[in-house]
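Note that the sequence shown covers residues 23 to 326 in the working numbering. Everything on this sheet refers to the single structure shown next.
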Amino acid sequence: MSLYKLITPKKFVELVAKETTRRVVPVDSTWYMPNLNKDAKAEFKDLERIQNAVYFDIDGIKDTKSPYPHMVPDLETFNKGMSQLGLKRDDILVVYDRIGNFSAPRCAWTIGLFEHPNVYLLNNFNLYKGAGYPLDTSKKESFSEYPVSDYHADSSLAIDEVVPYENIVDLVQSGDIRSKYNLVDARALDRFEGKVPEPRPDIPSGHVPGANPLPFGEVLNDGAKTFPESTEEMASRIDQVTKKLGYTIDPKKPTIAMCGTGVTGTIIKTALEHAGFKMVRLYDGSWTEWALRSGSELIAKNRD
Numbered sequence: 023m024s025l026y027k028l029i030t031p032k033k034f035v036e037l038v039a040k041e042t043t044r045r046v047v048p049v050d051s052t053w054y055m056p057n058l059n060k061d062a063k064a065e066f067k068d069l070e071r072i073q074n075a076v077y078f079d080i081d082g083i084k085d086t087k088s089p090y091p092h093m094v095p096d097l098e099t100f101n102k103g104m105s106q107l108g109l110k111r112d113d114i115l116v117v118y119d120r121i122g123n124f125s126a127p128r129c130a131w132t133i134g135l136f137e138h139p140n141v142y143l144l145n146n147f148n149l150y151k152g153a154g155y156p157l158d159t160s161k162k163e164s165f166s167e168y169p170v171s172d173y174h175a176d177s178s179l180a181i182d183e184v185v186p187y188e189n190i191v192d193l194v195q196s197g198d199i200r201s202k203y204n205l206v207d208a209r210a211l212d213r214f215e216g217k218v219p220e221p222r223p224d225i226p227s228g229h230v231p232g233a234n235p236l237p238f239g240e241v242l243n244d245g246a247k248t249f250p251e252s253t254e255e256m257a258s259r260i261d262q263v264t265k266k267l268g269y270t271i272d273p274k275k276p277t278i279a280m281c282g283t284g285v286t287g288t289i290i291k292t293a294l295e296h297a298g299f300k301m302v303r304l305y306d307g308s309w310t311e312w313a314l315r316s317g318s319e320l321i322a323k324n325r326d
């Protein structure tokens, strides 16, 4: 079950207009791959944003003890980050990124992990902007104009939503990964097959033995990078992609989604849940953790 709902730009604008008792707060969570050398935080302040938006930094509100980037934060770190943004438990949060649907699913999922009552994923900013809806282009000095709050989440669903490295190792070494799970990887096919370098230096390309590729770009609509609106359309898209790649996803088995560092893995997690898959979890450390912790015998390159 997804921890957030998809919302179209039109429905978002209507929600803002009709909601009178709670704040509807847009949450910009734009994040770029490190090899692009772009500064999403500076862009939030200097370029454009949806009116009244705050900026959620997935590289700031994270597990500060982990050597891997933007891993799931603990309760204290999450509550502190949300409080600094001035957010409240009864806010309706609508998450987006200026790329389209890239880092926003990761942010929406993180907020949903801590059981925020109302979380939406905007589907998406490109369509919102193209439709001529209001944008704020003034220069900003901070990531939020709301006063500091006392945000308090008291639980996390991480134990149910996140699969740790050790569990994946056990499944691979026992040979049970494909018999018991669908393991799908959101990275581009050339990276999955070890044909091109990873964007992060010193990390070999390849894939977890027993995984199948599900490149995130192929589950989104071309151009606008939106998720297909209906469950049927989403299921059909996934079926088309997997058949083209020579496999099928068994809906009776639980599914584990992964990627490079747990960002685009949430895109395919969102797609699968939108398509009706009931048991989809995220390998948070994803390929970066796997490649750095596993020996060469646990790195596959050929499709099997």
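By construction, the Cβ of each residue, glycine as well, lies at the ideal position given by its N, Cα and C atoms. All figures in this text were calculated on a predicted structure; none of them were measured in a lab.
Its chain contains Pro48 and Asp50 as the residues whose beta carbon lies nearer than 6 angstroms to that of Ala75, once the 5 sequence neighbours on both sides are disregarded; these appear in chain order. For Cys129 against Phe78, the beta-carbon gap comes to about 5 angstroms, under 8 angstroms, which counts as contact. If you compare the alpha carbons of Ile260, Ile278 and Arg71 with that of Tyr150, the shortest gap goes to Arg71. Judged by DSSP secondary structure, Pro48 falls within the beta strand (DSSP E) whose first and last residues are Val46 to Asp50. Apart from sequence neighbours up to five positions away, the residues of its chain that approach Met301 with a beta-carbon distance below 7 angstroms are Pro276 and Thr277, ordered along the chain.
Leu58 sits exposed, since fewer than 16 C-beta atoms from the chains shown fall within 10 Å of its C-beta. Note that the C-beta distance between Lys67 and Lys162 is below 8 angstroms. Inter-segment contact for the region 302-312 and the region 278-286 is present: three or more beta-carbon pairs are separated by less than 8 angstroms. Going by C-alpha positions, Gly228 is about 5 angstroms away from Phe214. Of Ile290, Asp224 and Met93, the smallest CA-CA separation from Thr248 is found for Ile290. DSSP places Leu267 outside any alpha helix (DSSP H), giving it a letter other than H or E. If only uninterrupted beta strand (DSSP E) runs of at least 3 residues are considered, none is enclosed by the region 62-87. Relative to Pro223, the option among Thr264, Asn148, Val117 and Leu314 whose CA is nearest is Leu314.
Counted as a single uninterrupted DSSP element, the alpha helix (DSSP H) harbouring Val38 occupies residues Pro31 to Lys40. Sorting Gly284, Phe34 and Gly298 by C-alpha distance to the C-alpha of Val116 places Phe34 at the top.
Cα atoms of Asn140 and Gly317: separation of roughly 42 angstroms, rounded to the nearest angstrom. Here the alpha carbons of Pro221 and Pro56 stand approximately 8 angstroms from one another.
In the DSSP assignment, the residues bridged to Asn204 are Thr277.
With fewer than 16 other Cβ atoms inside 10 Å of its own Cβ, His174 counts as exposed. DSSP links Leu304 through a beta bridge to Val184 and Ala279. In this structure, Asn204 places its C-beta atom within 8 angstroms of the C-beta atom of Ile271. Within a 10 Å sphere around the beta-carbon of Asp113 sit 16 or more other beta-carbons, which makes this residue buried.
The DSSP-derived three-state label of Ile114 is strand.
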